[in-house]
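*Asks:* Going by this note's numbering, the final residue of the sequence shown carries number 145, and the count climbs one at a time with no gaps. C-beta atoms are modelled at their ideal positions from N, C-alpha and C, and glycine is treated no differently. Being a predicted model, the structure only gives us computed values, none of them experimental.
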Amino acid sequence: MYLIYCPIVFTVLYRKGPPFYHASYSVVIERVDGAFRGSALRPFSWRSLAALSRITANVSKELMLCYIIYPTGLSEAELDSPVCLSRLSVQEVIVSRWVSSKERTEQEDI
Numbered sequence: 036m037y038l039i040y041c042p043i044v045f046t047v048l049y050r051k052g053p054p055f056y057h058a059s060y061s062v063v064i065e066r067v068d069g070a071f072r073g074s075a076l077r078p079f080s081w082r083s084l085a086a087l088s089r090i091t092a093n094v095s096k097e098l099m100l101c102y103i104i105y106p107t108g109l110s111e112a113e114l115d116s117p118v119c120l121s122r123l124s125v126q127e128v129i130v131s132r133w134v135s136s137k138e139r140t141e142q143e144d145i
């Protein structure tokens, strides 16, 4: 079981809850339609994604992009009802920063 904590700035995901574990993930949640189109609440450039990934790694978490996928044609009124939950799907992507062996070696020398 995971517990989601959503303060104003960012979302973190805890296994069982804060008393048991530190948050495992920083989570960015986006709602997209079945064709994977949607108005990104936080459009990412490569620079901003790299920065978010670096910050997340510095606090010993993993970055998770979580897409809530709803069927094309589902109205806003239908999305406001919990009945729509059975029609939604979730796709999560774990983002990790690639570090070249050269950079890794340089960091070990410091």
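1) For Val118, which option in Gly69, Tyr105, Gln126, Pro54 has the closest C-alpha, if you only look at C-alpha atoms?
2) Looking at Lys96 and Ser59, is the spacing between their C-beta atoms short of 9 Å?
3) Excluding the five sequence neighbours on either side, which residues of its own chain have a C-beta within less than 7 Å of the C-beta of Gln126, listed in chain order?
4) Can you give me the C-alpha to C-alpha distance between Val67 and Lys137, rounded to a whole angstrom?
5) Pull up the CB-CB distance for Leu48 and Val63, whole angstroms please, since I reckon it's below 8 Å.
*Replies:* Once the coordinates are examined:
1) Residue numbering aside, residue 118 sits at position 83 when the sequence shown is read from its first letter. Ranking the options by Cα distance to Val118, first place goes to Tyr105.
2) Within the sequence shown, residue 59 is the residue found at index 24, counting from 1. Within the sequence shown, residue 96 is the residue found at index 61, counting from 1. Result yes, Cβ atoms of Ser59 and Lys96 sit closer than 9 Å.
3) On the sequence shown, position 91 is the one that residue 126 refers to. Result list for Gln126: Tyr102, Ile104, in chain order.
4) In the sequence shown, the residue the question calls residue 67 occupies position 32. In the sequence shown, the residue the question calls residue 137 occupies position 102. So the two alpha carbons sit approximately 38 Å from each other.
5) Working through the sequence shown from its first residue, we reach residue 48 at position 13. Working through the sequence shown from its first residue, we reach residue 63 at position 28. Their Cβ separation, rounded to whole angstroms, is 11 Å, which puts Leu48 and Val63 out of contact at 8 Å.
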